[in-house]
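Residue numbers (the UniProt record's numbering): 1 to 278.
Read the structure below first, then the notes.
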Amino acid sequence: MDILNLTPLKKLPFLLLLITTISCSDDTESSFFGPTVNVSGAKEYSVQPLEKIQFTVEATPNTEFASISTVYLEQSDGIPDAQINKSNVNFFTNGVTYSFVCYAPLEKGDYEYKIVVKTSDNQKTTVTRKVKVTDDPFVVTIENEDNLPTTFIAGDAPFTFKGNVKSIRGFQVAKFFTSINLGQEQALLLRLSNQSTEKVDISTYNYPSYRVVSSTLKTEDNFEIYEFEIEVTPALNGTSSDASNFTMNFEIEDNANNDDRYREDQKVENWSHSITVQ
C-alpha cells in the first residue's frame, strides 16, 4: 500500500495504526517507542530445580525525553523472586545496566521468565527467556516396595525394608516407627542442627519389631541423598481384636523452611505399609 496516494481522511487512521502497533520477535515484545533491551546469556536454559540463573540487562530509552523507570521480573506461579541491582548508568544515552540473580522453579517443567522494562513515558519492552527444569525436586524410592510381605507368621525370619530419598533442599527430619507400643519405639533418623541436616546415632535403634541396619547421608549433583536399611520383625500388638494388624511407617520432610532460594511448597512423604501377623 502506498500511503502517499491515500486521501487525507484515509491517511489518519492508517498512521494511528502504525503508532499503536506492537513489534514482536521470538523473544521480545515492545510498544512502538519501547526501550531497547539486551539480555545477556542464552535464550533457553536447561537446569536443575532452584539452580541459579543470572542475567545482565541493558536498557536504553528510544527517545531523548524519556528515562528507564522500572525493571522487574514478571511474577508467575512457581518462579522465585529475583534479586535485581542497578550496576551502571550511561549518562550519554540514559541507558541503565541491571544484574538479575534468579533461581529456577522448584518443580520439573517448562517456564518463561519475562523481564519487563518500562520508561518514564509509559513505554514498555518485555524480553522472554525459556527455562526448563529437568529433575524432580524430591523423590522417594522404596527399593523393595513390591516385594514387602502383606502377611507374616510369628517366628519367621525378619525382612529388609530399604530405600533412598533425593532432595534439592536437603532434609528437615526423617523417622521410622511401627504400630507396636503406639509408635513409642520411634527412630529419629535425620534432624536439623544449625539449619543443616545431620544423621542421628542409630546404634540405639534396636527394638523387638525392627532394627536400623544402616543410615547414610551424602551430596551428589547438588542433591542431598539419604539412604536407609531397616530390618523388620512384625509382631502381635497386644491382645486386642486388631492385635494382628502391624503397620510400619516412614516419614521424611525436605528443608524448605531454611532454604533462602524458595521456601514454599514443602515436600513431605508419609509412607506406611500394613502386615497381618498370623
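Cβ atoms here follow ideal geometry from the backbone N, Cα and C, with glycine treated the same way.
Just so we're clear, the structure is a prediction, and the values are computed from it rather than from any experiment.
Coil, strand or helix - residue i by DSSP
| i | result |
| --- | --- |
| residue 146 | helix |
| residue 243 | coil |
| residue 258 | helix |
| residue 128 | strand |
| residue 3 | Any reading at residue 3 must be qualified, since the residue scores a pLDDT of 41, below 50, and its modelled position is unreliable; the value itself is stated next. Correct three-state label for residue 3: helix. |
| residue 105 | coil |
| residue 154 | coil |
| residue 172 | strand |
| residue 163 | strand |
| residue 31 | coil |
| residue 110 | strand |
| residue 122 | coil |
| residue 276 | strand |
| residue 141 | strand |
| residue 269 | strand |
| residue 281 | Coverage of the chain is limited to positions 1 through 278, which leaves residue 281 absent and any answer about it impossible. |
| residue 264 | coil |
Of the listed residues the options, nearest to residue i (C-alpha basis)
| i | options | result |
| --- | --- | --- |
| residue 243 | 154, 191 and 217 | 154 |
| residue 113 | 194, 78 and 160 | 78 |
| residue 136 | 278, 150 and 51 | 51 |
| residue 67 | 105, 120, 260 and 57 | 120 |
| residue 254 | 195, 274 and 221 | 195 |
| residue 106 | 216, 58 and 261 | 261 |
| residue 96 | 184, 128, 274 and 39 | 39 |
| residue 210 | 235, 199, 223 and 132 | 235 |
| residue 30 | 274, 83 and 126 | 126 |
| residue 157 | 231, 223 and 48 | 231 |
| residue 58 | 47, 83, 82 and 90 | 90 |
| residue 249 | 213, 274, 258 and 259 | 274 |
| residue 150 | 233, 193 and 140 | 233 |
Rounded distance between the beta-carbons of residue j and residue i, thought under 8 Å
| i | j | result |
| --- | --- | --- |
| residue 218 | residue 138 | So it is not a contact: roughly 16 Å between Cβ atoms. |
| residue 256 | residue 129 | About 25 Å separates the two Cβ atoms, so there is no contact after all. |
| residue 124 | residue 133 | Rounded, the Cβ-Cβ distance is 28 Å, inconsistent with contact. |
| residue 165 | residue 191 | Residue 165 to residue 191, Cβ: 15 Å. No contact. |
| residue 215 | residue 188 | Actually they are not in contact, since the Cβ atoms of residue 215 and residue 188 sit about 10 Å apart, beyond 8 Å. |
Proximity of residue i and residue j at Cβ, strictly below 8 Å
| i | j | result |
| --- | --- | --- |
| residue 325 | residue 98 | Residue coverage of the chain in this structure runs from 1 to 278, which leaves residue 325 outside it and unanswerable. |
| residue 277 | residue 228 | no |
| residue 226 | residue 177 | no |
| residue 28 | residue 60 | no |
| residue 162 | residue 143 | yes |
| residue 180 | residue 237 | yes |
| residue 252 | residue 269 | yes |
| residue 63 | residue 33 | yes |
| residue 167 | residue 223 | yes |
| residue 104 | residue 47 | yes |
| residue 118 | residue 87 | no |
Neighbour flag for residue i against chain D, beta carbons, 8 Å
| i | result |
| --- | --- |
| residue 250 | Considering every chain present, this structure includes no chain D. It has just one protein chain. |
Q) Which residue spans inside the segment 40-103 form an unbroken beta strand (DSSP E) run of at least 3? A) 44-47, 52-60, 68-73, 83-90 and 95-103
**Prompt:** Curious, which full-length beta strand (DSSP E) runs of at least 3 residues does the segment 177-254 contain?
**Reply:** 187-193, 196-199, 210-220, 223-232 and 245-254
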